[in-house]
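K.L.:
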Amino acid sequence: MAGRNRMPRHPMNEGPHGFRDGPPLRGPLPLHPVEEELAIRHDEIRRLQADNRLLMEENVALRREIDFVKNELLQASQAIPKLRSDKELESRELIQRGLPLGAELRAREPLREEAIQLKSEAQKLDALRQELSGKVQALQQDLTHLQTENQQLPTLQIEIDGLRQELIRARTTYEYETKANAEQLEQRQAMEKNLVSMAREVEKLRAEMEKRARGPGSGAYGGVHNASSDISYPALFRDGYASEKGFYGTGPWASDEPRGFPRH
Numbered sequence: 001m002a003g004r005n006r007m008p009r010h011p012m013n014e015g016p017h018g019f020r021d022g023p024p025l026r027g028p029l030p031l032h033p034v035e036e037e038l039a040i041r042h043d044e045i046r047r048l049q050a051d052n053r054l055l056m057e058e059n060v061a062l063r064r065e066i067d068f069v070k071n072e073l074l075q076a077s078q079a080i081p082k083l084r085s086d087k088e089l090e091s092r093e094l095i096q097r098g099l100p101l102g103a104e105l106r107a108r109e110p111l112r113e114e115a116i117q118l119k120s121e122a123q124k125l126d127a128l129r130q131e132l133s134g135k136v137q138a139l140q141q142d143l144t145h146l147q148t149e150n151q152q153l154p155t156l157q158i159e160i161d162g163l164r165q166e167l168i169r170a171r172t173t174y175e176y177e178t179k180a181n182a183e184q185l186e187q188r189q190a191m192e193k194n195l196v197s198m199a200r201e202v203e204k205l206r207a208e209m210e211k212r213a214r215g216p217g218s219g220a221y222g223g224v225h226n227a228s229s230d231i232s233y234p235a236l237f238r239d240g241y242a243s244e245k246g247f248y249g250t251g252p253w254a255s256d257e258p259r260g261f262p263r264h
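Numbering (our numbering), first residue to last: 1 to 264.
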C-alpha cells in the first residue's frame, strides 16, 4: 500500500535519555500505519471535493460568460452590416465633400506659394529690423558718450588754458633766465680778464720788489728782510693769481667780489 515505508509524523526520540529529559510525556498513543494511511486518504478526498466544487463553480461562471459573449457576438454580427452601410454612406458623403475642397485647394496653390514667399520676406525683414535695432542702440551709446565728453569740454578747455598760461610763464622765465645768464657770463668774463690783468701786475710788482730786495743797498739785515718778504708776499700773490683759474682767493680784492661762480 501507499502508506508503507513511511516515517511516522512524530519523531521518535532515539538514543539514551539523560536526567535533563525529564519524565516521559503521556500523550495519545501512536496510530497504526493503516489508520494513519486512512486518515491521509480522507484528507485528500476532502481536498479533492473542495477543488471539485471550485471547478464546478468556475465552470458555471464560464458557461454564463460564454452565453453572454455569444449573445454579444450575435448582436454584433447583426449590427455589422448596418454599420458597414453607414460607413460606406459616410465615406461617399466625405468623398463628395472632398472633391470641391480638393479643387479649391488646387486653385489656392499659387496663394500658398505666395504666402510662403511672403513669410520668407517677413523673416528677412525681421532680421533686418533686429540688425537696425542693434545699430540704433550702438549709435545711442556713442551719442551718450559724446554728450558726456561734450560736458567735459569746458573743464578740458580750462585745463588747456591753464597749461597754456603756465607754458607762457615758463617760456618767459626761461628767456629771462637765459638773458640773465648771458649777462652774468659777460660779467664773469670781464671779471676774469680784470683778475688776469691784476695778477700780471702783481707779478710785475713782485718781481720789482725782489729786484729791489736784491739791490746794492742790502746789508746784514737784508737776508732777514728778504726772508720776511718771501714769507708774507707769496701767499698774497699766489691767492691773487689763483683767481685766474675760476675761483677767487683771499687777496685784497677778494672782499669786493663774490666767492665762486655766480649762482642763478
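Just so you know, even glycine gets a beta-carbon here, dropped at the ideal spot from N, CA and C. Computed from a predicted structure; not experimentally measured.
Could you spell out the range, first to last residue, of the alpha helix (DSSP H) harbouring residue 214?
P.N.:
Careful: residue 214 lies outside any alpha helix (DSSP H) and carries neither H nor E.
K.L.:
Go through its chain and collect everything with a Cβ distance to residue 103's Cβ below 8 Å, but skip five positions before and after it.
P.N.:
none
K.L.:
Whole angstroms are fine: how far does the CA of residue 83 sit from the CA of residue 42?
P.N.:
Going by the C-alpha atoms only, they are around 60 Å apart.
K.L.:
Determine the direct distance from the alpha carbon of residue 98 to that of residue 107, and round the result to whole angstroms.
P.N.:
Approximately 14 Å, taken between the alpha carbons.
K.L.:
Can we count residue 175 as close to the ligand ADP, meaning its CB is less than 6 Å from some heavy atom?
P.N.:
This structure lacks the ligand ADP; in fact it carries no ligand of any kind.
K.L.:
Starting from the N-terminal side, write out each stretch of the alpha helix (DSSP H) that is 4 residues or longer and does not extend beyond the segment 120 to 151.
P.N.:
none
K.L.:
Pull up the distance between the alpha-carbon of residue 74 and that of residue 61, whole angstroms please.
P.N.:
20 Å
K.L.:
On the DSSP letters alone, give me the boundaries of the alpha helix (DSSP H) that residue 106 sits inside.
P.N.:
33 to 107
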